[in-house]
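Start counting at 1 in the sequence shown, then tack on 76, and there's your number in the numbering used here.
Following: one structure in structure tokens, then a few remarks.
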Amino acid sequence: MQLSSLQNGSDIRGVAMGPQANLTAKEVDTLSRAFALWLAERTQHSALRVAVGMDARLSGPALKEACITALADCGLFVLDCGMASTPAMFMTTVSDQTHCDGAVMLTASHLPSDRNGMKFFTCQGGLESGEITALLRLSEGDLPRGRAGQVQTFDFISIYAEGLRQKIQQETGQTQPLKGLKILVDAGNGAGGFYAEKVLQPLGADIQGSQFLEPDGHFPHHIPNPENAEAMQSLVDAVIRHNADFGLIFDTDVDRVGAVDKGGVVLNKNRLIAAISAVLLRETPGAAIVTDSITSTGLAEFIKAHGGIHRRFKRGYKNVINEAIRLNHAGQYTPLAIETSGHAALKENYFLDDGAYLATRLVIEVARLHQKGLCIADLLADLSEPAESCEFRLAIRTDAFRDFGQSLIQALFAYADTQPSFQLAPENHEGIRVQFSPEEGDGWFLLRLSLHEPLIAINIESERAGGVHIIAQQLMKFLSAYQGELELSPLASYLT
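See the structure below:
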């Protein structure tokens, strides 16, 4: 098997358990040695330090051991951080207490329990897609081995949590700023349980009612994913049942977060973006907020009304982060890059997509508003939300799915020029976004090629009941010519 088949953008992803396993201790050994070589060439350091952590997956301990053993055999000093979060592993490269040249996180985010993967970091952030490709090329050559390194067990998640506690204390000016607040955490049996016990509780919060804090790679209760409807409903029910002031839900490796406000008000997707945007734009009016491509018209209006500039960009957390960095370099202050999935990276935090840091920023605001008898949902009073929204994912049946997807999008651009009701959205950076007047559906659709899967993704929103159906009908007239190459049944079923 070619290791290059394991590349998933800027990550390594594979099946780690069962008869189809293609990411085993053997592959991790090779990739870890390649990372050691890549890091040595990049840093020119003779004595390298690397931290290694894992999420709650059942395959994690064996793969972590393979990674640590390989790195030590390359002569590195290795910190075994055990159960950790992806953002915490990056922080080992910038922390004064660890001074690591690099870090490795064993995780496959929200993917099924039989999957696993590897994320690689330096103090510059996660490796980019091109750097992963270079690392994979190195894995095909001679790799270092037979050098006696050292391994030290290191509880870095407690140091990371201490930094988050200090942030809350500094911003509120209190040692126990969460006293009198009931804040729940749903970790989904991933790696995020530490946030309740090591961040919230020491600051005075009542965390009774928090759920699924214990790591369990079977993920027995629900998928640890803030985008998953069942997972969000589980937290909504807990917040209502325990009359909590706020609730937080993390994905498996804690680089994403969703929230639920008092009374069970869901704060994810556009609402989550609006909430943190309101906080940041109060602090720095005139700033730009970078989001992914599927955000709503109402969110764009909300950001503008709060004195900000909305920059809608491509999906993919690396894409929005890099665009925010580019804007800052160009002179436009941009404090936030965020996706509707819950990936959020703040300039003040190394532009690291860090679910626990975003949660911390929200908790600070919860404490501030609580003193005034308000809650996060009050920040969203002027957020206009669509009457309807739907997403359709259409499988591509051809092997050359990227070529097909690009040709389909180009054909749709040409088709849109012939349709009076199709109004191309200005400054769209992914796929094709088309707007419709009140008479023709009062909304928009975005059609794009999935980042990693052979799928065409379609998002449709409308400001009125029945509007999505009207827009979908108009789009279906174009797509029906591709029924041989596209699985149209999800859209067809909706229209019948």
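For glycine and all other residues, C-beta sits at the position ideal for the given N, C-alpha and C.
Annotation: Cys176 is outside any beta strand (DSSP E) and is labelled neither H nor E by DSSP. For Val330, there is no enclosing alpha helix (DSSP H), as DSSP gives it neither H nor E.
Three or more beta-carbon pairs drawn from the segment 318-334 and the segment 287-306 are found closer than 8 Å, and the two stretches are therefore classed as touching. In the displayed model, Gly85 falls within coil according to three-state DSSP, outside both helix and strand. DSSP lists Thr367 as the bridge partner or partners of Arg388. Take the alpha-carbon of Pro296 and the one of Gln309: they are about 16 Å apart.
Around the C-beta of Gln287, 16 or more other C-beta atoms lie within 10 Å, and the residue is accordingly described as buried. About 5 Å separates the CB atoms of Arg221 and Asp149; that is less than 8 Å, so the two are in contact.
Considered as a whole, the segment 475-504 harbours 477-492 as its complete alpha helix (DSSP H) runs of no fewer than 4 residues, in chain order. Cβ-Cβ distances below 6 Å link Arg473 to Glu561 in the same chain, with the five nearest sequence neighbours on each side left out; the list follows chain order. With contacts defined as CB atoms closer than 8 Å, Ile349 and Thr416 qualify as a contacting pair. Put simply, of Leu523, Leu115, Arg347 and His405 the residue whose alpha carbon is nearest the alpha carbon of Glu506 is Leu523. Shown here for Ile379: same chain residues with a beta carbon closer than 8 Å to its own, the five before and five after excluded, namely Ala350, Ser353, Leu357, Ile365, Ile385 and His386 in chain order.
If you check the CB distance, Leu99 and Leu82 come in under 8 Å.
If you look at Ala420, you'll find it in the beta strand (DSSP E) that goes Ala420 to Leu422. Taking a cut-off of 8 Å for Cβ pairs, the segment 166-186 and the segment 151-158 touch, as three or more such pairs fall below it.
Within the DSSP bridge table, the entry for Met159 names Met130 as partners. Taking a cut-off of 8 Å on C-beta distances, the segment 540-559 touches the segment 509-524, as three or more cross pairs fall below it. Non-local beta-carbon contacts of Gly264 in its own chain, meaning distances under 8 Å to residues more than five positions away in sequence, involve Phe288, Phe295, His297, His298, Ile299, Pro300, Asn301, Ala307, Ile325, Phe326, Asp327 and Thr328 in chain order. A Cβ-Cβ separation of about 17 Å leaves Ala138 out of contact with Arg109 under the 8 Å criterion.
A direct Cα-Cα distance of roughly 28 Å separates Leu456 from Pro163.
A direct Cα-to-Cα measurement between Ser526 and Ala533 gives close to 6 Å. One Cα belongs to Pro95, the other to Met181, and the distance between them is close to 24 Å. For Asp282 and Pro496, the gap between their C-alpha atoms comes out near 57 Å. 8 Å or more divides the Cβ of Asp429 from the Cβ of Ala443. Going by C-alpha positions, Phe322 is about 46 Å away from Ser556. Note on Tyr409: under 16 other CB atoms within 10 angstroms of its CB, so exposed under the neighbour-count rule. Here Asn192 is buried: its Cβ has 16 or more other Cβ atoms, across all protein chains shown, within 10 Å. Counting only the Cα atoms, Pro530 lies some 19 Å from Ala568. Of all alpha-carbon atoms in Thr494, Phe230, Tyr558 and Leu276, the one lying nearest the alpha-carbon of Asp262 is that of Leu276. In the DSSP annotation of this structure, the continuous segment of the alpha helix (DSSP H) that includes Asn404 starts and ends at Tyr393 to His405.
Cβ-Cβ distances below 6 Å link Leu79 to Leu212 and Ser215 in the same chain, with the five nearest sequence neighbours on each side left out; the list follows chain order. Note that the segment 196-205 does not touch the segment 130-137; fewer than 3 beta-carbon pairs, one per stretch, sit closer than 8 Å. Under the three-state reduction of DSSP output, Val261 falls in the strand class. Of the candidates Arg469, Ser460 and Phe270, the residue whose Cα lies closest to the Cα of Leu564 is Arg469.
As DSSP reads the structure, Ala413 sits in a beta bridge with Val366 and Ala421.
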